[in-house]
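Working notes, beginning with the structure itself.
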Amino acid sequence: MKKMKLSIFTRLIISYLAIILLIICLGVYAVLSLNYVNQSMDYIISVDGVTIRLTTELSDTLLTQLELEKKYFVLNDRDFYEHFGKSEESFLKVYNQLEKTVDTPKKRTLVKETKDAYIFYCSLFRKQALLPLRKWDKKGYKIYQGKREELIAEIDQKLKEIVMMADADREIRTQATRAKSIQVIRVTIITLAVAFLMVIFISVLNTRSISHPILLLKEKTKEVAKGKYPQPLHIASPPEIGDLTSAFATMIERLRELDDMKIDFISHISHKLRTPLTAIQEASGMLLDGVFSDAPEREYELYSIIKEECKRLIDEVNRILDLSRMEAGMMDYNFETSDITPIIRKTVLKLTPLAQKKGIDFEMKLRDKLPLVRMDPERITQVVEELLGNALKFTAKGGTITISALISKQSMLQVLVADTGCGIPEEALERVFDKFKRIERGRAAERGTGLGLSLAKHIIIVHGGQIWAGSEPGKGSTFSFTLPLS
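The sequence shown lines up with residues 2 to 487 when you count with my numbering.
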């Protein structure tokens, strides 16, 4: 199964971070837009609104002064003149505020021109008001009125222009603020829609990337339950699902191995038990039929055959039970500190007749005195017998079996059994110690059939050592094991 680089957790984190980032961007945009709207509203109120209000106050003050002017010229009352002066002060005070408020060069120009016209009007009024009554004439008063009307019209026009410009600016800013508000609403809706779609897309994508491989695993599990062993899955998936699939593939491979082991076990049992049982059956049948009733020595031979074959059956069953106890960690060992040399010599002596019968020579290369090791002599004897017996089985006539012992670099006692047989393929070396495994040697030979090497491996491991095989096809094999020094 192809693994995706990102795990489920990482993908979820990245996905949700993307959504959160989108929401944060929306929030920042909304805050900035709201700030823009607030600033625009503040500007409208503090500049445009104030400009209109102050301009209106100037217009009202000017109208008040016109009324005071008329009353003064009609009644010639000094109080109206003084009130005119106070109104002038109010006008200039408001004007100073307006001058600080206006925000464009054109408005500032109009405000300045308004002030100039207003000051000229006030000076014209004072000049006319301070003339003695005897010096008044209709022609001069008409000239004054004409100039006054022109100034008042000019002032009024400029104030109206200021109001119109401020109102226009206020309207523009209001429209911009309204447009910004609408834009914020649209962006918010679009962003929320995108976030919603992202949530759906991410959920569907993650669900599919997880559920699809799991459904495939479910189908493959059903196949395994039916006794079928499917091929490994090859689909893209997150690392967690990939690990699960790898574990599933390992389980299938292990089940396949167990199935093969079951077949090998049945084959092994059939092979090991069929010959003794057949011999027992035939011998017992001949005894029951009285074939050799008149030859007691032949009957004794048949009884001996039955006894020997029964012993073979019991030994084979005991080997299977021993392996089961070893795998379960329930095997009893009697450890003691002793020399392995007598065990090797005794085993070689025991197998020498068989070797001579096959035309095979034993060669021992042992030091005069090997260091002591802590071991179970009976079990180590079993290991040495298995290795020598295995070498005898697969060494051709005229061959040589060499057994030697040395001290390894790791301060371990190393025992080597080398033969000149046909050897073992390199790819099969790791499997020679598996139970019920058959490793082809030559054309019809097999090594590792049964339990001997598997038992030997368990025994050596319990002793704290290691066992391994080396071979070169056509030139022989070397089996080695180590034991810790006492």
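Note that CB positions come from ideal geometry on N, CA and C, so glycine has one too. Please read these numbers as outputs of a predicted model, since none were measured by experiment.
### Query
Can you give, in chain order, each stretch of the beta strand (DSSP E) that sits fully within the region 345 to 381 and has at least 3 residues?
Whole beta strand (DSSP E) segments, 3+ residues: 362 to 366, 374 to 376.
### Query
In three-state DSSP terms, what is I321?
In this structure, I321 counts as helix in the three-state DSSP scheme.
### Task
Measure from the alpha carbon of N97 to the alpha carbon of each residue in E83, K116, F81, R432, then state which is nearest.
Closest option to N97, judged by alpha-carbon separation, among E83, K116, F81, R432: K116.
### Query
How would you label Y119, buried or exposed, when you count the other beta carbons within 10 angstroms and need 16 or more for buried?
buried
### Task
Please check the pair G424 and G400, which I expect to be a contact at CB under 8 Å, by giving their CB distance rounded to whole angstroms.
So it is not a contact: roughly 12 Å between Cβ atoms.
### Task
Grab me the residues of E58's own chain with a C-beta within less than 6 Å of its C-beta, minus the 5 sequence neighbours each way, in chain order.
V95
#### Entry: Cβ-based burial, P343 [other Cβ within 10 Å; buried from 16]
Exposed: under 16 other Cβ atoms inside 10 Å.
### Task
Can you give me the start and stop residues for the alpha helix (DSSP H) that Q129 sits inside?
106 to 130
### Query
What distance in whole Å lies between the Cβ atoms of Y334 and N416, which are believed to be in contact at a cut-off of 8 Å?
A small fix is needed here, since residue 416 is Val in this sequence, not Asn. Contact flag wrong, Cβ pair sits at about 18 Å.
### Query
Between L99 and L63, is the Cβ-Cβ spacing less than 7 Å?
no
### Query
Nearest CA to the CA of S88: which residue from E68, D104, D78, Y145?
E68
### Message
Check for me: the beta strand (DSSP E) holding P426 runs from which residue to which?
### Response
From DSSP, P426 is part of no beta strand (DSSP E); its letter is neither H nor E.
### Query
Secondary structure at T403, three-state DSSP: helix, strand or coil?
strand
### Query
If you draw a straight line from the C-alpha of A397 to the C-alpha of G471, how long is it?
18 Å
### Query
Who are the Cβ neighbours of S409 in its own chain at under 7 Å, not counting the five residues just before and after it?
If the five residues before and after S409 are omitted, its C-beta is found closer than 7 Å to the C-beta atoms of Q415, T483, all from its own chain and listed in chain order.
### Segment limits, beta strand (DSSP E) that includes M413
Element bounds for M413: 413 to 419.
### Contacting residues, own chain, Cβ-Cβ under 7 Å from T353 (five flanking each side not counted)
F363
### Task
Determine the closest residue to A177 out of D377, N39, L27, with distance taken between C-alpha atoms.
N39
### Query
Residues in its own chain within less than 8 Å of K72 by CB, not counting five upstream and five downstream?
Taking K72 as the centre and dropping the five residues before and after it, the same chain places the C-beta of D78, F81 closer than 8 Å to its C-beta, in chain order.
### Task
Rounded to whole angstroms, what's the CA-CA distance from L218 to P240? Just pull it up for me.
15 Å
### Query
Pairing CB atoms from the region 99 to 112 with CB atoms from the region 152 to 169, are three or more of them under 8 Å?
yes
### Task
For F336, I'd like the list of residues in its chain whose CB is within less than 6 Å of its CB, leaving aside the five on either flank, ordered along the chain.
R375, D377
### C-alpha distance - K107 paired with D43, whole-angstrom precision
22 Å
### Query
For T102, which of V188, I46, W469, A130 has the nearest alpha-carbon?
I46
### Query
Among the residues of its own chain, which have a CB less than 7 Å from the CB of S412, if the five just before and after it don't count?
L486
### Message
Whether or not the region 10 to 28 and the region 169 to 186 are in contact is what I'm after, with contact meaning three or more pairs of Cβ atoms, one per stretch, closer than 8 Å; do they touch?
### Response
no
### Task
Assign Q467 to one of three DSSP states: helix, strand, or coil.
coil
#### Entry: S204, DSSP secondary structure in three states
Helix at S204.
### Task
In angstroms with no decimal places, state the Cα-to-Cα distance between L407 and M252.
Roughly 41 Å between the two C-alpha positions.
### Task
With distances taken Cα to Cα, identify the nearest neighbour of I468 among E427, V418, E428, P474.
I468 has its Cα closest to that of V418, out of E427, V418, E428, P474.
### Message
Quick check on G466: buried or exposed, where buried means 16 or more other Cβ atoms within 10 Å of its Cβ?
### Response
Classification of G466: buried, given that the 10 Å Cβ count is 16 or more.
### Query
Going by the beta-carbon positions, is the gap between L303 and A280 smaller than 7 Å?
Going by C-beta atoms, L303 is not nearer than 7 Å to A280.
### Message
Please classify V292 as buried or exposed, where buried requires at least 16 other C-beta atoms within 10 Å of its C-beta.
### Response
V292 comes out exposed.
### Task
Can you grab the Cα-Cα spacing for the pair G449 / A457, in whole Å?
With a pLDDT of 38 at G449, under the threshold of 50, the predicted position of this residue should be treated as unreliable, though the coordinate-derived value follows. Cα to Cα, G449 sits roughly 11 Å from A457.
### Message
With the cut-off set at 7 Å, would you say K366 and S405 are in Cβ contact?
### Response
yes
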